[in-house]
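Take any residue in the sequence shown, note its place counting from 1, add 6, and you have its number in the numbering used here.
Yeah, the Cβ is synthetic: ideal placement off N, Cα and C, and Gly gets one too.
Down below is the structure, laid out as C-alpha cells.
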Amino acid sequence: MELKHQDIISRLTLEEKCHLLSGRDFWSTVSVEAKGVPSICLSDGPHGLRKQEGAGDQLGLNGSLPATCFPTAATIANSWDEALGEEIGVCLGEEAAAQGVGVLLGPGLNIKRSPLCGRNFEYFSEDPYLAGKMAASYIRGIQRLGVSACPKHFAANGTELRRQASNSVMDERTLREIYLTGFEIAVKEAHPLSIMSSYNEVNGVYANENAHLLQEILRDEWGFEGFVVSDWGANNDFVEGVRAGSHLEMPTTGGDSPRQLMAAVEAGKISIEMVDRRVDELLDVVLPVAEAVKRHNAKPFDVEAHHAVAMRASEQSIVLLRNEGGILPLQAGTKVAVIGDFAETPRYQGAGSSVVNPTKVDTTMGVIGGFPLEVVGFEKGYPRVGEGDPALRDAAAALAKKADVVLLYLGLDEISESEGLDRSHMKLPQSQVDLLQAVSGANPNVVIVMSAGSAVEMPWLDRCKAMVHGYLCGQAGASAVLKVVCGQVNPSGKLNETYALRYEDVPTAPYFPARQRNVEYREGLYVGYRYFETVKQPVLFPFGFGLSYTTFEYSGLQVSDKGVTFTLANTGSMDGAEVCQLYVGAQKPHVYRPAKELKGFAKVFLKAGESKTVTIPLDDKAFRYFNIETNRFEIDGGTYDLMVGASVADIRLTGSLEVKGTDAAVIPALSTIPSYAKGEVLAVSDDEWKRLLNHDIPDGSWSGTIGMNDAICQLYYAKALKARVICGIMTRMLNKSIERGKPDLNITFTYNMPIRAIGKMAGGLVSQKMCEDICTIVNGHGIAFCKGIAGVIAGFFKQMGVAKKAKAIK
Ligand code: BGC
C-alpha cells in the first residue's frame, strides 16, 4: 500500500513509530522534530475549550484557561438550527487555535438511550438524525480554521456506571440505525479529522480495538480519513487497537504501550506495514493541523463577540413548555419576585471533562436590572443541596405575595448531571417541589425557569402558569432567558428528547443500569419517541415539542420521492421561528419499524402575517433499514406516510408515497418477534431477544475473581475480603460526596474504571504487568498474594526504566 508520507516514515525508527501512536503526556502527541513530525495538542471539549495550564486531568478538576462557555449540546439541539451549530463551531475552532490547540475533543453525540445517563447534557438527542445533523454542523465550524474536531464517543456509550468496564450488547440493526447513524451523518457530511473511540465494549470487543467499527464501518464504508484517538484510558490492548484501526492512545502510558507494540512487531505478531499505515494516517492529520495552529499564531479571540454568540445561541434554544392564559411575555413594569438559588448562582454547564472556565458569567440577579421589570425582591428559596429549609420557604412565599408574577428558578443540582455518575431517578430535588407548593399557594402566577440538561418528571406542573426551559444555557444564558420572559425574543426551541410522565414509562427503564457487565439493549430500535409513538403511551412533553408567542399554520402538502413541500404561515401577531419536522412511517412494514422516525427538519423564520414555501428534502436515510442478512441497508418496499409536524405528536400534514423496495429477505421474520412488531419492549423474553440478536445472549455474569477488565467498584463482589474492604471505603467516600451535592470526580472516575486502566491513567508509573500483579494481590492469599506484591515492586522499577527511555524520544 502506498503511503502518503513515505518520505518521513522511511526515516523513522521502529521505536519512534511506536511512540508516535501513544501520547507524549496528558494532552499532546509525540514529536520527532528532526524528522519533520511536530506535536499537536488536544483539549476538551464539546461546548467550550478546556485548555489546562498546569497539571492535566480529564475530569475538569484542575484549572483551565478562560474560554467561552457556550450552551451544552443538549441545549443547542433544541434550536434545531444547523447554521447556529456551525457558528458556535467556528467560535470553538477560533478559541482552540488561539490557545494552540489542534484537536478539540467534541462534539459528543451519543444517543440518549436513558434519561438517567449522567452525561446526557453533553449529548444532542435521543434521535440519531437530529444528533448527526447538529454534530456535523459543529464539526464544519470547528474545522474551518484547519484545527480538528473530534466527535465522540464512538460508539454505543450510554451509561456512566462502569463506563470503562461494560459491554454494550445489541443486534446489528439497532447498532446501525440508532447508535451509528448520527456518526455516519457527521463523518460523511462534515469529514472530521479525528474521532474518539469510547470506553466500552461493543458486542464483546472494546471500541478502540473493534475492527468492525473502526475499519469496516468507519473507514471502508463511510470513507473516514482522519485518525482515531482512544478516550482517555480507554485503550485496552494497544497492539490490537493499532491492528483494528486506532491511531493514538491517550494519555501517555510512559512508554509501556509503545514497548508492547515494538515487541509485537519484532515477534511477528503485527506487521511493520500495519504500523506504518497507522503512522501515515495519523501524520495525514497531524501535519496540516500543526500547520494550521502555527498559521493562526495564537491570535486572541474576541471575548465579547463570543459572549454575544453564546447569548444568541441560548436565545434560539430556549424551550417554552407551558404558557397558561398567555401569562408570558410579561408586560413592561410587571412586579416580579425572583425566587430560587439558581437566579443568583446559575447552573449553566455540567460537571466533568467538559467543564469550562468561563470568560464571564451572567446571573439573573446581575442582569435583571436591565430589563423592563419591577423587581420586588429576591429569595433563595431552597438550599442547593439536601433537605429543604422551612425558613427559606416561608420567606419566599411571603415575597411571592408582594408580586404580580413569581419568577421561580428551579433545576437539577450539580450532582445530578455529571460525568462518571448516572442519576438514580428523574425527579427534581424535593426541596424545590416543596418550595413550588408554598410559593404557588401564595401567588398562583408562577413562571418557572428551569435549568437542567436532561429530562425530569413534572407531576407538579399544574402548580405553575408557565415554564421557560433554558436547559444548561452557557455563560450568557441568564440574559437570554429574561429576553424570552419579556418578549424581546420569541422562543423557538423544541425538545430534542421525550419527557416521559414517569421514569417507569421509559422503554429502557427495565434494562438500565446494567446489573452485570453486559448492558443489554433489549429495547432494540425503540428509543425515546420511537417507543412512545408506536405503543401510543402518553408522555408529558413529546419529542420536538415547544411553544411560541405566535402561531403557525401548515398547508398545501406536496409529496414526491425528492421530499415534501408545503406552506408555512405565521398567523399570530409576533415574528417568530418554527421548527418543522418530517417523520416517516411505513403503512404495512415487512420489517419491524417504529411508527414514526425523524427524517428531516427545517427551522423557518417568519414575520407576523408572513408565509413561505418550505421544502424538506428526503435523503438516502429516509426509507432504509439495516438488513443483517445482506449486511447492508435495504429498502422495504410499500406505502409510506410522510408526516409533517410541529412535534412528533402534533402532525399537521400527512401525505403518502409508494417506495420501491430492494426485496431482500428479512431476518428475523416479523411474526417471530411479536414484541418488536408491536413495540412492546418493556419485558422482551430471552428467546425473542435471541431471535433479534441472531445469536445466543452473551453471558455477562461475574465469577467473583477480579480480572484486568473488571471495574474497581466490582471489588465489592470479589471473593477476597480485602478487595471488598477497599471497595467499601470508596463507596462510602462516594456517597459522602453525593450527600455534599458535589460529585467527587476522582472517585467516580476511579470507581468505574477497570484495574487495567490504573496503568493507562498513571502517566507511566504503572505498567500493564503491574496491573496484572494488582489483580493477583486482590484475589490471592498466601504465596500468590506475596508474589503479587513482589511483582508490583519489581514492575515499578522496570517501568521507571521504560519511562526514562520514552522521555528521551520526545
Ligand atoms: C471523557 C472524554 C474526554 C476525555 C479527556 C474522558 O474521561 O470521557 O469525553 O474528552 O476524558 O478529558
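Taking a 10 Å sphere around the C-beta of residue 86, we find 16 or more other C-beta atoms and assign the residue as buried.
The DSSP assignment places complete alpha helix (DSSP H) segments of no fewer than 4 residues inside the segment 512 to 580 at 535 to 541, in order along the chain. Here the alpha carbon of residue 187 sits roughly 22 Å from the alpha carbon of residue 122.
The way I'd put it, the segment 145 to 153 does touch the segment 190 to 203; three or more beta-carbon pairs between them come closer than 8 Å. Proximity to residue 740 across 240, 758, 475 and 55 peaks at 758, based on C-alpha coordinates. For the ligand BGC, no non-hydrogen atom lies closer than 7 Å to the CB of residue 765. Residue burial is scored here from C-beta neighbours: residue 99 has at least 16 other C-beta atoms within 10 angstroms and is therefore classed as buried. Closest in C-alpha terms to residue 599, from the list 748, 698, 540 and 518, comes 540. Per the coordinates, the alpha-carbon of residue 463 lies some 27 Å from the alpha-carbon of residue 405. Taking the Cα of residue 27 as reference, the smallest distance to any Cα among 233, 132 and 80 is reached at 233.
With a 10 Å radius around the Cβ and a threshold of 16 neighbouring Cβ atoms, residue 105 comes out buried.
Take residue 47, set aside five residues on each side of it, and the residues of its chain with a beta-carbon closer than 7 Å to its own are 33, 34, 106, 107 and 108, in chain order.
From the listed residues 517, 585, 568 and 427, the smallest Cα separation to residue 559 is found for 585. Put simply, the backbone Cα of residue 355 is about 15 Å away from that of residue 416. Taking 4 residues as the shortest admissible run, the segment 117 to 150 contains the following complete alpha helix (DSSP H) segments, listed from N- to C-terminal end: 134 to 148. Within a 10 Å sphere around the beta-carbon of residue 727 sit fewer than 16 other beta-carbons, which makes this residue exposed.
Looking at the DSSP output, residue 475 shares a beta bridge with 325 and 456.
Rounded to whole angstroms, residue 709 and residue 171 show a C-alpha spacing of 15 Å. For residue 743, no beta strand (DSSP E) segment is defined; the enclosing uninterrupted segment is the alpha helix (DSSP H) at 727 to 746. Distance between residue 580 and residue 718, taken at the CA atoms: about 57 Å. The beta carbon of residue 178 is closer than 7 Å to those of 632 and 634 in its chain, skipping five residues each way along the sequence.
In the DSSP annotation of this structure, residue 711 is not part of any beta strand (DSSP E), being labelled neither H nor E. The beta carbon of residue 386 is closer than 6 Å to those of 347 and 398 in its chain, skipping five residues each way along the sequence. Each of 54, 270 and 747 was checked against the Cα of residue 421, and the nearest Cα belongs to 747. By a beta-carbon distance limit of 8 Å, residue 419 contacts residue 391. Their separation comes to about 6 Å. The beta carbon of residue 53 is closer than 6 Å to those of 76 and 78 in its chain, skipping five residues each way along the sequence.
The alpha-carbon separation between residue 279 and residue 489 amounts to approximately 59 Å. With a cut-off of 7 Å, the C-beta of residue 111 is classified as near the ligand BGC, since at least one heavy atom of the ligand falls inside that distance. About 30 Å separates the Cβ atoms of residue 319 and residue 659, ruling out a contact at the 8 Å cut-off. Taking 7 Å as the cut-off, one finds no heavy atom of the ligand BGC near enough to the beta carbon of residue 498. For secondary structure counted as the alpha helix (DSSP H) over 4 or more consecutive residues, the segment 617 to 690 holds these complete runs in sequence order: 680 to 684. Residue 300 carries a helical assignment under DSSP once its states are collapsed to helix, strand and coil. A direct Cα-Cα distance of roughly 9 Å separates residue 166 from residue 754. Counting other Cβ atoms within 10 Å of its Cβ, residue 70 reaches 16 or more and is therefore classed as buried. One thing to note: residue 497 has its Cβ no nearer than 8 Å to the Cβ of residue 413. Residue environment: residue 799 is assigned as exposed (fewer than 16 neighbouring CB atoms within 10 Å of its CB, all protein chains considered).
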